[in-house]
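S.K.: In short: position in the sequence shown from 1, add 64, done, that's the working numbering.
Beta carbons are placed, not taken as given, at the ideal position from N, Cα and C, and that holds for glycine.
Structure provided below as structure tokens; questions to follow.
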Amino acid sequence: MEKDKLSIMRHSLAHIMAAAIQRIWPETKFGVGPVVENGFYYDVDLGDVKISEANFAKIEKSMREIIEYGDAFEQSEVPIDEAIQWARDNNQPYKEELLNDLKRSGTTSAKDLSIDELGVVSEGNSAVDSVTFFKNGSFTDLCRGPHLDNTKQAGVFKLIRVAGAYWRGNEKNAQMQRLYGVAFETQEDLDQYLVRVELAKQNDHKKLGREMEMFFFDQTAPGMAYWLPKGLAMKNLLVQYWRQYHKVAGYHEFASPLMSKKELYEVSGHWEHYKDDMFTAEREGGEIWALKPMSCPNAIKVWQFKQRSYKDLPLRLSDVDTLHRDEITGALNGLLRAREFNQDDSHNFVTEDQIKDEIAAIIQIVRDFYDVFGISGSVKLYLSTRPAEGYLGEISTWDKAEAELKEVLEGSGFDFGVKEGDGAFYGPKIDIHLNDALGREWQCGTIQLDFQLPGRFGLSYTDQDGAERVPVLIHRVIYGSLERFIAIITEHFGGWYPFWFAPEQVRILTINDTVMDYVAEIEAILGSTVISQPVKYNELRFSTDIRNESLGKKIREASNCKVPVQLIIGQKDKDAREISVRTQSGEEKISINDLRSYIEGI
Ligand SMILES: [Zn+2]
Ligand SMILES: [Zn+2]
């Protein structure tokens, strides 16, 4: 089914659901019923009646009956005053409010809901004379349509959730109940959707973070993670790989203060545009300091440390310092959107002539970084080009840079798209997106050209001819935030990471105590085993479960912790100097003499 048709079907189901609710609770006052991703909702006011999941079956049954009747969606044009009178007569105060807004200004002027969501007639900003009603069966609704011809054309649906919602999204207004449904053309589509939702729940990184003892959040520091030893091992591995790779690639790592006086951010422009997102502290005497939200101004300070010449370029200044951004509480989402995080940042200073080669080299880094996780095939790049207005710098500079970026992208082998006019005012950019195993698209890193900041700080380098020139700055992160990257790959792999990256790679599970001397021998081998790819020195992370529990329970727990290699040791194994190796692909026996090479070969 085409997207538009699907959307019309979902919207029609919102009417059908409202009709069903009205049949069950005739006093219901209705708000709005728009289409959302995968389905629809309707906001209803039922007074003291509280809808719960226990009511879903009854509402669904009533909806099915309405669909069975096959009532037509009948459209009628009603003068605005008559419509207001209808709302009053039928005790529909929310519709009355919308209609009064329409009468006054031609729009409903709801701040938090777009006109589209309201589904109400809007003809520019002039007041309207009449509005459109749609009627299916005994249910009438203010709506501009379009709808199905009749209720029988509705697809398969399921009510999934009920939540509180303030009228027009304003907490000063009445609290309503928002009833959500999902709808698809076929039962198969619906089933697939429900499986995806279930998997997403199981793969939720916040849930796995706790179950696998990697990280957690505490209410005393919302938006800032506590890293447990296993999670920290992963975060450190990301840094280790990053550091090792970039050293060879000609990057220079620095570190800088986590706090600076606001004057630094006044020069960079962050204070003007970004102040509300920064954690600040006022010192005695009124001096204001801010926690670093991004390290661009600090990289610039490092550039300014000494006079630079063309021979220094490209100068690549990388850092992985901790950053803080004061995200609003409602926007926080585990590691995906945190207030404290680290970025694999770098600020590359280049001449205009070096832009193309530098971008090509960075795209190669993207390839390599996503390859070590086996996911570079799921990467899509987006080029955002010059905005129509308010851009900085010469058009010719933009055009040349954009043409070069396109050329690099075309030759990169990556799937890529262009977002015309979507670049920042200071330069075009390339965003790195990852499509995960559940079909969701995440933004990870970004590569951003900047024609502005070097000028703001008065940067220059001495060129071959002795002239002072302003460098071009490239901001780039490949993982993006390490926190966010860990969240995304956790959900993508459902916790079953590539072996080199697994927080706990091996667990020894004993069947009884008679094997302890043999276990000690195995531990000695594992303790001296080091994996050398893709990170150069990656000591094996393993543990031993010698508790007096059944083997079944030990296996279950190891599997819940997604330990990829489980070594099961019983008396028979000890006698034969063998090990039973259990992995996701099955179970096999190996000789203890082969253990090291087995692990190194995974
Ligand atoms: Zn409608
Ligand atoms: Zn930057």
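Mind checking who aspartate 383 pairs with in its DSSP beta bridge?
M.R.: For aspartate 383, which the question treats as bridged, DSSP gives the partners Asp409.
S.K.: Thinking phenylalanine 413 and tryptophan 462 are a contact (beta carbons under 8 Å), I'd like their distance in whole angstroms, please.
M.R.: Contact doesn't hold; Cβ gap of about 19 Å is too wide.
S.K.: Classify leucine 177: buried if its beta carbon has 16 or more other beta carbons within 10 angstroms, exposed otherwise.
M.R.: The predicted position of leucine 177 is uncertain, since its pLDDT is 41 and thus under 50; no value can be drawn from it.
S.K.: Classify isoleucine 72 as helix, strand or coil using the three-state DSSP reduction.
M.R.: Note: isoleucine 72 maps to helix in three-state DSSP.
S.K.: Can you list, in chain order, the residues of its chain whose CB lies under 8 Å from that of histidine 316, leaving out five sequence neighbours each side?
M.R.: Excluding positions up to five away in sequence, the list reads Leu379, Arg380, Leu381 and Ser382.
S.K.: To the nearest angstrom, how far is the alpha carbon of methionine 127 from that of leucine 513?
M.R.: Going from the Cα of methionine 127 to the Cα of leucine 513 covers about 54 Å.
S.K.: In angstroms with no decimal places, state the Cα-to-Cα distance between lysine 617 and lysine 122.
M.R.: Taking the straight line joining both Cα atoms gives about 41 Å.
S.K.: Is any non-hydrogen atom of ligand 1 found closer than 8 Å to the C-beta of arginine 208, if you look at the structure I gave you?
M.R.: Correct: arginine 208 has its Cβ closer than 8 Å to ligand 1.
S.K.: Does isoleucine 545 pass the burial test, meaning 16 or more other C-beta atoms within 10 Å, or should it be called exposed?
M.R.: Per the sequence shown, residue 545 should be read as serine rather than isoleucine. Serine 545 should be labelled buried.
S.K.: In three-state DSSP terms, what is lysine 216?
M.R.: Helix.
S.K.: Quick check: what's the CA-CA separation for valine 193 versus proline 143?
M.R.: Note on identity: in this sequence residue 193 is aspartate, with valine being the wrong assignment. Looking at the two C-alpha atoms, the distance is approximately 6 Å.
S.K.: Could you have a look at isoleucine 439 and say whether DSSP puts it in helix, strand or coil?
M.R.: Here isoleucine 439 sits in coil by DSSP.
S.K.: Check whether the Cβ of serine 126 lies closer than 8 Å to any heavy atom of ligand 1, and answer yes or no.
M.R.: Because no heavy atom of ligand 1 lies under 8 Å away, the Cβ of serine 126 does not count as near it: no.
S.K.: Determine, using beta-carbon pairs with one atom in the segment 289-305 and one in the segment 557-574, whether at least three such pairs fall under 8 Å.
M.R.: Cβ pair count under 8 Å is three or more, so yes.
S.K.: Short check: CB of valine 220 to CB of threonine 250, under 9 Å?
M.R.: Taking 9 Å as the Cβ cut-off, valine 220 and threonine 250 qualify as a contacting pair.
S.K.: Verify the contact flag: serine 71, CB atom, against every heavy atom of ligand 1, threshold strictly below 8 Å.
M.R.: Not under cutoff, so the answer is no.
S.K.: Can you round the beta-carbon distance between aspartate 637 and isoleucine 552 to whole angstroms, since I take them to be within the 8 Å contact cut?
M.R.: Not a contact, Cβ separation roughly 39 Å.
S.K.: Which residue marks the beginning of the beta strand (DSSP E) containing phenylalanine 606, and which one marks its end?
M.R.: That run of the beta strand (DSSP E) goes 606-609.
S.K.: Quick one: is isoleucine 392 buried, meaning 16 or more other Cβ sit within 10 Å of its Cβ, or exposed?
M.R.: By the 10 Å Cβ count, isoleucine 392 comes out exposed.
S.K.: How should aspartate 68 be labelled, buried or exposed, when 16 other C-beta atoms within 10 angstroms of its C-beta is the threshold for buried?
M.R.: With fewer than 16 Cβ atoms within 10 Å of its Cβ, aspartate 68 is classed as exposed.
S.K.: Taking 8 Å as the cut-off, is the CB of cysteine 508 close to at least one heavy atom of ligand 2?
M.R.: No, ligand 2 has no heavy atom inside 8 Å of this Cβ.
S.K.: Among the residues of its own chain, which have a CB less than 7 Å from the CB of threonine 204, if the five just before and after it don't count?
M.R.: For threonine 204, where only same-chain residues beyond five positions count, the Cβ hits under 7 Å are Phe197.
S.K.: Apart from the five residues on each side of it in sequence, which residues of its chain come closer than 7 Å, Cβ to Cβ, to leucine 263?
M.R.: So the list reads Leu502, once near-sequence residues are dropped.
S.K.: Could you name the residues, in chain order, whose CB is less than 5 Å away from a heavy atom belonging to ligand 2?
M.R.: In chain order, the hits are Cys360 and His539.
S.K.: Under a three-way DSSP split, which group does alanine 84 fall into?
M.R.: Looking at alanine 84 - three-state DSSP - the assignment turns out to be helix.
S.K.: Using the C-alpha atoms, what's the distance from histidine 388 back to glycine 295?
M.R.: So the alpha carbons of these two residues sit roughly 20 Å apart.
S.K.: Less than 8 Å between the CB atoms is what I'm expecting for lysine 420 and serine 448, so what's the real figure, rounded?
M.R.: About 17 Å; that fails the 8 Å criterion.
S.K.: I believe phenylalanine 104 touches glycine 245 by the beta-carbon criterion, under 8 Å. Please report the beta-carbon distance rounded to the nearest angstrom.
M.R.: So it is a contact: roughly 6 Å between Cβ atoms.
S.K.: DSSP puts tyrosine 105 in a beta bridge; with which residues?
M.R.: DSSP, once it has assigned bridges, lists Tyr244 as partnering tyrosine 105.
S.K.: For serine 320, tell me which candidate among Lys356, Lys326, Phe137 and Met240 has the shortest Cα-Cα distance.
M.R.: When each option's Cα is compared against that of serine 320, the closest is Lys356.
S.K.: Would you list, in sequence order, the uninterrupted alpha helix (DSSP H) runs of no fewer than 4 residues that lie entirely inside the segment 243-272?
M.R.: Correct list: 251-266.
S.K.: DSSP three-state call for cysteine 207: helix, strand or coil?
M.R.: Three-state DSSP puts cysteine 207 in coil, outside helix and strand.
S.K.: Rounded to a whole number of angstroms, what is the C-alpha to C-alpha distance between isoleucine 538 and glutamate 138?
M.R.: For isoleucine 538 and glutamate 138, the distance between alpha carbons rounds to 58 Å.
S.K.: Does the segment 108-116 come within contact of the segment 86-97, defined as at least 3 CB pairs closer than 8 Å?
M.R.: Output reads yes: the segment 86-97 touches the segment 108-116.
S.K.: When the cut-off is 9 Å and only beta carbons count, does histidine 211 lie next to chain D?
M.R.: Any reference to chain D falls outside this structure, which holds one protein chain only.
S.K.: Taking threonine 510 as the reference, give the member of Asn362, Ile542 and Tyr106 with the closest Cα.
M.R.: Here the closest residue by C-alpha is Ile542.
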